[in-house]
Each structure stands twice: as C-alpha cells, then as structure tokens.
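Heads up: the structure comes next, in structure tokens.
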Amino acid sequence: ARVVLQDFTGVPCVVDLAAMRDAMRALGGDPKRINPLIPSELVIDHSVQVDEFGTRAALEDNVAIEFQRNGERYSFLRWGQKAFGNFKVVPPRTGIVHQVNLEHLARVVMTAPLDGTQWAYPDTVFGTDSHTTMVNGLGVLGWGVGGIEAEAAMLGQPSSMLIPQVVGFKLSGKLPEGTTATDLVLTVTQMLRKLGVVGKFVEFHGDGLAHLALADRATIANMAPEYGATCGIFPIDAEVLNYLRLTGRDAAQIALVEAYAKAQGLWHDAKTPHPAFSATLELDLATVRTSLAAPSARRIACCWRTSRPAPPPPSSHWRPYASRAMAMPRDSPTRGAAVPSATPPMPCPRAACASR
Numbered sequence: 030a031r032v033v034l035q036d037f038t039g040v041p042c043v044v045d046l047a048a049m050r051d052a053m054r055a056l057g058g059d060p061k062r063i064n065p066l067i068p069s070e071l072v073i074d075h076s077v078q079v080d081e082f083g084t085r086a087a088l089e090d091n092v093a094i095e096f097q098r099n100g101e102r103y104s105f106l107r108w109g110q111k112a113f114g115n116f117k118v119v120p121p122r123t124g125i126v127h128q129v130n131l132e133h134l135a136r137v138v139m140t141a142p143l144d145g146t147q148w149a150y151p152d153t154v155f156g157t158d159s160h161t162t163m164v165n166g167l168g169v170l171g172w173g174v175g176g177i178e179a180e181a182a183m184l185g186q187p188s189s190m191l192i193p194q195v196v197g198f199k200l201s202g203k204l205p206e207g208t209t210a211t212d213l214v215l216t217v218t219q220m221l222r223k224l225g226v227v228g229k230f231v232e233f234h235g236d237g238l239a240h241l242a243l244a245d246r247a248t249i250a251n252m253a254p255e256y257g258a259t260c261g262i263f264p265i266d267a268e269v270l271n272y273l274r275l276t277g278r279d280a281a282q283i284a285l286v287e288a289y290a291k292a293q294g295l296w297h298d299a300k301t302p303h304p305a306f307s308a309t310l311e312l313d314l315a316t317v318r319t320s321l322a323a324p325s326a327r328r329i330a331c332c333w334r335t336s337r338p339a340p341p342p343p344s345s346h347w348r349p350y351a352s353r354a355m356a357m358p359r360d361s362p363t364r365g366a367a368v369p370s371a372t373p374p375m376p377c378p379r380a381a382c383a384s385r
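In this note's numbering, the protein residues as written are 30 to 385.
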C-alpha cells in the first residue's frame, strides 16, 4: 500500500526517479509523468552524527552541524518533495523512522478512488529500515526490504513471495508488577528462537492483549529481526483505536479503521474465535520475570561528564523504568548516584515530547 524510506537508503531512490525524468525528457516525453505510484514517505533520521556529547547543548549543537554537513542532500530532498507526486519528506529532528511511522504515517486502513468510487483496503508497508516491523504493533503488516525492492514497489511493481507459515502466539494473563515490555520481549524472543521462526509470520492473539499497551506491543513487534521472523503482527482492537486518538489521528479515520476491521473480520476482542495456525505457542504473562543485563568484563574508559547529566527524552516508554527507579529503597547505596555517560541526547518523537 505504501513505502517508508530513511535517508541513508532512500536518497538513491529519489536520485533514480530524477534520472528517469531526465531520460523521459531526452525521449521527448513529459518528465512530470514519472512519480511514485503509491504513497512514499522519506524520514530523515540517519544523517545525524555525534560531534558533541555530555552537555545540555549537545543536541542543538549536533543538529546545527548536521544541517551544515548535509545541506546539499537536504536541498535535493526538498526539491524531490516539491517535484514528485505521492512523495513526502519528514524533516530532520522529528524522530526515528520506525517511531515516526508508528505515530504519524501509519493509516491502518487506506483509501483510494477507483472508477469513481472510494475504496478502503488494509494499510501495508515496505520499509528500508530493518525495524519497520515496529508498525506491526498497530495492526499494520510490514517489514524491511532493500532499496531496490522498495523502489520497485514505488513504481508499481509487485513483490512475489512464498506463502509463509504463520505461528500463533497466544498471550494470556497480565504482566506482574515491576516487569516491563523489555522483560516480556526477552521472554518472547527466547521462546520464538527456540521454536525457529525464520521466514515465518508470527501472529499474537489471546485475552492477554487486553492488558498490553500499544507501546509494549510495538516493542515486541520491533524485535522481529532479533527473533528471526519476517514480522510479528498484532490485531486491530480497542487499544489500537486508543493509540490513534492519543497520537492525534483524524476522528473520521479512526471511525473508518473500526468499521473496516469489524466488517472484514480483522477486529479482535473477547469474542474473537480461535484462529488456525501452522504452529502455536502460549505464554502466561504472569510468569514473566525481571531480566537484567550485566556489563561486560572489559575495562571502560572514564568518560567526560558535566556535574549534572542531561535528562532522558520525555517518552512514555521511559515511564516503567522511572517507576522502577522510584521504587528503589531510600537507603540503597546506589539511589541518586550520578552515572558517567557519553551518550548524547537524541531527538524524541514530537508526540512523545508533547505528552510530557
């Protein structure tokens, strides 16, 4: 249905489109006929480099250097957005491509006119980022592809594949207090790697979905490349509609998503019949335990720091970890400790910043 590009692999696609226009002009044709045939969006997020770190001004300094360093590329992409139909560019400092796709670009249900009639159809996406699968948490089928495959899709060419096996992953119960989506996804990844899901689709279902926020679902879907599946998709349900409202989607679009999903049998609730799958797994969320990652044994060089570290991005994904930190005993020797870090602050998605 659409293509999502990031600037590292997407710029060559735009260059090819420009070259096709030059060829069309040389042949005496109308170069303006060369356009993507499906909606294509390019998110600029791979151009930033870490030149400054460890200070509160690091973000602004890095952004300024980024614009200076990539001025020619950005001017070209701006031209492309104006020149081509069905092509949009998301500017720098908006967020990471798969997060922007989830919060702003995904429609869940697409519409297009055909023979004078407006038709609705499921939103599907090819992305040139390996973690395009994150959008599966919103009920949108999609995965990462190479630049050539993405460009072929932009030009209306079909993408052929064998019908994949679908592994049903039933979730039941509720996560215990103190656990996070990170703990859950590590458990899910371990189970799926043990089963072997390379080249397969994973479909999550069950009553446990009612207790999983969309941010948690997106975390699991994001990790599909790590557990080896082509994608790990979640169904459309009430939580999807809540997320669409949270991120400011149009009320008419949200109503369309609900009506279409229910009419086409894509809606999930307590009454949904048990689907048939090639293989099945089941996990009681109440059995998920906290996971910790220990540091490696290698020596870590002392990094320069300021007296007061910069705060993390105000994203809702940080809240479970903040709650865990707040629950630390007051007499703990590590409570309130300053941790040296060279990690630079990065642009957070605008929806997350606005929800502060």
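Beta carbons are placed, not taken as given, at the ideal position from N, Cα and C, and that holds for glycine.
Owing to the predicted nature of the structure, the values given are computational and were not obtained by experimental measurement.
Tell me whether residue i is buried or exposed, calling it buried when 16 or more other Cβ atoms sit within 10 Å of its Cβ.
i, result
"PHE96", "exposed"
"ARG107", "exposed"
"LEU191", "exposed"
"TYR150", "exposed"
"LYS291", "exposed"
"PRO187", "exposed"
"GLY124", "buried"
"VAL79", "exposed"
"THR153", "exposed"
"ALA141", "exposed"
"GLN26", "There is simply no residue 26 to check, as the chain begins at 30 and stops at 385 in what is shown."
"LYS117", "exposed"
"ARG318", "exposed"
"LEU143", "exposed"
"ARG85", "exposed"
"VAL44", "exposed"
"ARG62", "exposed"
"SER69", "buried"
"THR276", "buried"
"TRP296", "buried"
"LEU56", "exposed"
"ALA258", "buried"
"GLY261", "buried"
"HIS303", "exposed"
"ARG246", "buried"
"ASN91", "buried"
"ARG50", "buried"
"ALA281", "exposed"
"PRO264", "buried"
Assuming residue i and residue j are in contact, meaning their beta carbons sit under 8 Å apart, how far apart are those beta carbons, in whole angstroms?
i, j, result
"LEU71", "VAL129", "Not really, about 11 Å apart at Cβ, beyond 8 Å."
"ALA315", "LYS203", "6 Å"
"GLY185", "THR38", "Their Cβ separation, rounded to whole angstroms, is 20 Å, which puts GLY185 and THR38 out of contact at 8 Å."
"GLU255", "THR218", "6 Å"
"PHE320", "ASP212", "Checking the displayed sequence, the identity of residue 320 turns out to be Ser instead of Phe. 5 Å between Cβ atoms; contact."
"GLY166", "ILE283", "Not confirmed; about 17 Å, so no contact."
"VAL164", "VAL196", "Actually they do not touch by this definition, with Cβ atoms about 19 Å apart."
"GLY171", "THR162", "7 Å"
"ALA182", "VAL40", "Going by Cβ atoms, the distance from ALA182 to VAL40 rounds to 17 Å, so no, they are not a contact pair."
"ALA308", "GLN194", "7 Å"
"PRO65", "PHE113", "6 Å"
"LEU221", "VAL231", "7 Å"
"VAL138", "VAL269", "Wrong, their Cβ atoms sit about 11 Å apart, outside the cutoff."
"GLY237", "LEU200", "3 Å"
"TYR272", "LEU243", "4 Å"
"PHE155", "GLU178", "7 Å"
Check residue i in the structure and name its three-state DSSP category.
i, result
"ALA47", "helix"
"ARG98", "helix"
"HIS234", "strand"
"PHE37", "helix"
"SER14", "Residue 14 is absent from the structure shown; the chain starts at 30 and stops at 385."
"ILE265", "strand"
Across which residues does DSSP place residue i in a beta bridge pair?
i, result
"ARG31", "VAL154"
"THR309", "GLY197"
"SER69", "VAL32, PHE116"
"CYS260", "PHE230"
Looking at the ligand MG, does it come within less than 8 Å of residue i, judged from the CB to the closest heavy atom?
i, result
"VAL126", "For the ligand MG, the structure offers nothing, since it holds no ligand at all."
> Which runs of the beta strand (DSSP E) spanning at least 3 residues fall entirely within the region 120-179, listed in chain order?
Replying inline: The region 120-179 contains these whole beta strand (DSSP E) runs: 138-143, 146-151, 153-156, 170-173.
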